[in-house]
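Residue numbering for the sequence shown follows this note's numbering, starting at 56 and increasing by one per position. We put the beta carbon where it would ideally sit given N, CA and C, even for glycine. Just so it is clear, the structure is predicted and the values come from calculations on it, not from any experiment. Just below is one structure, and these are the notes that go with it.
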Amino acid sequence: MSIVENRKARHDYFIEETFEAGIELQGWEVKAIRAGRANLKEAYVIVKDGELFLLGMHVTPLASASTHVHPDPTRTRKLLLHRREIDRLIGQVERAGYTLVPLDLHFSRGRIKATIGLAKGKKQHDKREAEKERDWLREKARLMREKR
56 MSIVENRKAR HDYFIEETFE AGIELQGWEV KAIRAGRANL KEAYVIVKDG ELFLLGMHVT
116 PLASASTHVH PDPTRTRKLL LHRREIDRLI GQVERAGYTL VPLDLHFSRG RIKATIGLAK
176 GKKQHDKREA EKERDWLREK ARLMREKR
């Protein structure tokens, strides 16, 4: 069950492979994400000191947040993966010209997980081609409905 989806990522990148990663969150963030107050539109993943971090994810704090906690909506959050996966991703990103983008946040056995994608950037003509293909599929479905 998806909580938040980054639709822009699929438009701007070719997604080669996806990984499910845990996220290091604070209590107020979990409550806000469960309420659907997260945004992945400008988010991206970086590699620092052999670890993966999620930058730019905006979590709007709830009005009922605790008084002693000063929430930072765009703080850097650590992603949790197995060491082998991290090493493989680092190798791909550094050598092959790939990038890591967050695709969505979802629940997995009651925990909030992030799906990150190993992606290669699309050129402008690729985006136009994908849009034409999508329009043609929509038109084809409409014609089939009218035919019945």
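query, result
"Within 10 Å of its beta-carbon, does residue 84 have 16 or more other beta-carbons around it, so buried, or fewer, so exposed?", "buried"
"Just how far apart, CA to CA, sit residue 61 and residue 159?", "6 Å"
"Check the C-beta distance from residue 135 over to residue 79 and give it rounded, since I have them as a contact under 8 Å.", "6 Å"
"Kindly indicate which three-state DSSP category residue 196 falls into: helix, strand or coil?", "helix"
"Tell me, please, which residues DSSP counts as bridged to residue 172.", "73 and 156"
"Residue 132 and residue 108 - do their beta-carbons sit closer together than 8 Å?", "yes"
"Can you tell me where the alpha helix (DSSP H) holding residue 86 begins and where it ends?", "82-89"
"Determine the DSSP secondary structure at residue 97, reduced to helix, strand or coil.", "coil"
"Check whether the Cβ atoms of residue 157 and residue 90 lie closer than 8 Å to each other.", "no"
"By the DSSP assignment, the beta strand (DSSP E) with residue 135 in it spans what residues?", "132-135"
"Taking the alpha-carbon positions, what's the residue 154 to residue 200 distance?", "40 Å"
"Could you tell me the alpha carbon to alpha carbon distance between residue 192 and residue 105, rounded to whole angstroms?", "42 Å"
"Could you say if the stretch 164-183 and the stretch 63-77 meet the contact criterion of at least three C-beta pairs nearer than 8 Å?", "yes"
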